[in-house]
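Visitor:
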Amino acid sequence: MSKWLCALLLACSCAAQAAPQAAPPDEMDRLLADKGLLSRLEGVSQAVADRTTGLVVNAMGFLGVPYKRGGNSAETGFDCSGFVRAIYEQTVGLLLPRRADQQAAATEVIDRKDLQPGDLVFFNTMRRNFSHVGIYVGDGKFIHSPRSGAQVRVEDMATAYWAKRFNGARRVGTDVDVPAAR
323 MSKWLCALLL ACSCAAQAAP QAAPPDEMDR LLADKGLLSR LEGVSQAVAD RTTGLVVNAM
383 GFLGVPYKRG GNSAETGFDC SGFVRAIYEQ TVGLLLPRRA DQQAAATEVI DRKDLQPGDL
443 VFFNTMRRNF SHVGIYVGDG KFIHSPRSGA QVRVEDMATA YWAKRFNGAR RVGTDVDVPA
503 AR
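Quick note on this note's numbering: the sequence shown kicks off at 323 and runs consecutively.
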């Protein structure tokens, strides 16, 4: 199933990039184009799409990596926040804080209904808020490094365990992140 989901995401991203351009511009588009703003807006939306696609595809590449408390690499294993941190650093060059609660504090609160692939989802798994984090991949599913003895995997947020413990959704914005050291 996980290989199928990865293939589906890759196919969708290729199809989205191969889609024909929209119909001729209307008056607002002409005004924006005349002012040189339309190309800037298209670049921003394409950059956001590229970022989220890259995040999800990169995260899927780590399916099966074992959980390790305090872990932050594929070689040694990941804990939940180490996984999220590594994906964001490798994919978009942003270094998020180390702990899940710190990641929640450093990111923008969004409604669950506004979740988009690449957003962070938080859960109360240790009787405290924001004790677990994963990356939303779309269709009500998220990827994470769950617990000792398990591996990075995709799970459905609607299952009873996760639905009961859902703690909030956050969006990572460049204005709240620290550039990753290279």
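Idealized CB from N, CA, C, for every residue including glycine.
Hey, how far is the Cα of Gln-425 from the Cα of Gly-392?
Guide: Sequence index remark: in the sequence shown, residue 425 carries index 103 (1-based). Sequence index remark: in the sequence shown, residue 392 carries index 70 (1-based). Cα to Cα, the separation comes out at about 15 angstroms.
Visitor: Identify, in the order they occur along the chain, each residue of the same chain with its Cβ nearer than 8 angstroms to the Cβ of Met-448, setting aside the five sequence neighbours on each side.
Guide: Mapped onto the sequence shown, residue 448 falls at position 126. The answer, listed in chain order, is His-454.
Visitor: Compute the Euclidean distance between the alpha carbons of Ala-396 and Arg-421, then round it to the nearest angstrom.
Guide: For this step, residue 396 is matched to residue 74 along the sequence shown. For this step, residue 421 is matched to residue 99 along the sequence shown. Distance between the alpha carbons of Ala-396 and Arg-421 is about 18 angstroms.
Visitor: Would a C-beta distance cut-off of 9 angstroms place Val-459 and Phe-384 closer than the cut-off?
Guide: Numbered from 1 along the sequence shown, position 137 holds the residue referred to as residue 459. Numbered from 1 along the sequence shown, position 62 holds the residue referred to as residue 384. Result no, Cβ atoms of Val-459 and Phe-384 do not sit closer than 9 angstroms.
Visitor: Quick check: what's the CA-CA separation for Met-382 versus Pro-439?
Guide: Within the sequence shown, numbered from 1, the residue matching residue 382 stands at position 60. Within the sequence shown, numbered from 1, the residue matching residue 439 stands at position 117. Their backbone Cα atoms lie some 12 angstroms apart in a straight line.
Visitor: Given a threshold of 16 other Cβ atoms within 10 Å of its Cβ, counted over all protein chains shown, does Arg-362 qualify as buried or as exposed?
Guide: The residue given as residue 362 occupies position 40 in the sequence shown. Unreliable positioning characterises Arg-362 in this predicted model, as indicated by a pLDDT of 42, which lies under 50. A coordinate reading is not provided.
Visitor: Using the C-alpha atoms, what's the distance from Arg-407 back to Pro-419?
Guide: Position 97 of the sequence shown holds residue 419. Position 85 of the sequence shown holds residue 407. Rounded to whole angstroms, Pro-419 to Arg-407 spans 7 angstroms at the Cα level.
Visitor: Per DSSP, what are the beta-bridge partners of Pro-388 in this structure?
Guide: Taking the first residue of the sequence shown as position 1, residue 388 is located at position 66. Paired residue(s): Gln-473.
Visitor: Using the three-state DSSP reduction, which class does Ser-395 fall into: helix, strand or coil?
Guide: Start at 1 with the first residue of the sequence shown, and residue 395 comes out as number 73. Three-state DSSP puts Ser-395 in a strand.
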